[in-house]
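Below you'll find the structure, written out as structure tokens, and then a few comments.
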Amino acid sequence: PTQLTHVCHQWREIALSTPSLWRAIMIPFRRDESWDLDFVQTWLRRSGSCPLSLHMDEPPESTVWSPTRVFKMIVHHCVRWEYLSLYLRNWCNDLLEIAGPMPLLREMKLDASRGNWDDYPRSPLPMVFYEMPRLHSVTFVDYTFPSIGFPWSQLTSLTGSLIGIVVGDCTELLQQTVNLVHCN
1 PTQLTHVCHQ
11 WREIALSTPS
21 LWRAIMIPFR
31 RDESWDLDFV
41 QTWLRRSGSC
51 PLSLHMDEPP
61 ESTVWSPTRV
71 FKMIVHHCVR
81 WEYLSLYLRN
91 WCNDLLEIAG
101 PMPLLREMKL
111 DASRGNWDDY
121 PRSPLPMVFY
131 EMPRLHSVTF
141 VDYTFPSIGF
151 PWSQLTSLTG
161 SLIGIVVGDC
171 TELLQQTVNL
181 VHCN
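Structure, rendered in structure tokens:
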């Protein structure tokens, strides 16, 4: 939608007054933290009360600041999340900041494939995803087996690779995911 704001004055006004154009936010981390914070704040404001589709990648290794402040900014809008894709590296504990219901969330992807997990225990991170009545699809990539506090029974699609999963975990997981149509 940003390109629409540069066509002419009328198109700019239309784009800026149409919140649904701003509901999909791909957070492109730059080297400047203040730019990223302003970018996210602007898109969140322009999206009004529309459901959000969020993709938050990890900043490049050359970035010297942590994405925690940006993440905390989007966490305040978790009631609006519809689609969520998070790439995690060293800030996975920030997931614990998610404390509210997510009534609109349909799909979620957590990717820890580029993570440096040497400093973290191999035990599962506690999951705080409770009130997600519409969630039907989850993807985990190189993620520690999340066995607590997750609405497994409502999932119809489960994809991913889980770290440290054993046969017993698989059996337990499959017993809880009674509505699965797709499992990979």
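The numbering of the sequence shown is full-length UniProt numbering, which starts it at 1 and goes up by one. Just so you know, even glycine gets a beta-carbon here, dropped at the ideal spot from N, CA and C.
Using the Cβ count rule (16 or more neighbours within 10 Å means buried), how would you classify residue i?
i	result
Met-108	buried
Val-166	exposed
Pro-19	exposed
With H, G and I counted as helix, E and B as strand and the rest as coil, what does DSSP make of residue i?
i	result
Thr-159	strand
Thr-177	coil
Ile-14	helix
Thr-139	strand
Asp-111	strand
Glu-172	helix
Taking the alpha carbon of residue i as the reference point, which residue from the options has its own alpha carbon closest?
i	options	result
Arg-134	Pro-51, Pro-67 and Val-166	Pro-51
Val-70	His-55, Ser-53 and Asp-36	Asp-36
Tyr-87	Met-26, Ile-165 and Trp-22	Met-26
Val-181	Gln-154, Cys-170, Thr-171 and Ile-165	Gln-154
Trp-22	Cys-8, Pro-103, Glu-58 and Ser-53	Ser-53
Phe-29	His-6, His-55, Leu-110 and Thr-177	His-55
On the premise that residue j lies in contact with residue i, defined as a C-beta separation below 8 Å, what is that separation, rounded to the nearest angstrom?
i	j	result
Ile-74	Val-40	7 Å
Can you find the residues in the same chain that come closer than 7 Å, C-beta to C-beta, to residue i, ignoring five residues on each side of it along the sequence?
i	result
Leu-105	Trp-81, Glu-82, Leu-84, Met-132, Arg-134 and Leu-135
Using C-beta distances below 6 Å, list every residue in its chain close to residue i, excluding the 5 sequence neighbours before and after it, in chain order.
i	result
Thr-159	Thr-139 and Asn-184
Ser-157	Ser-137 and His-182
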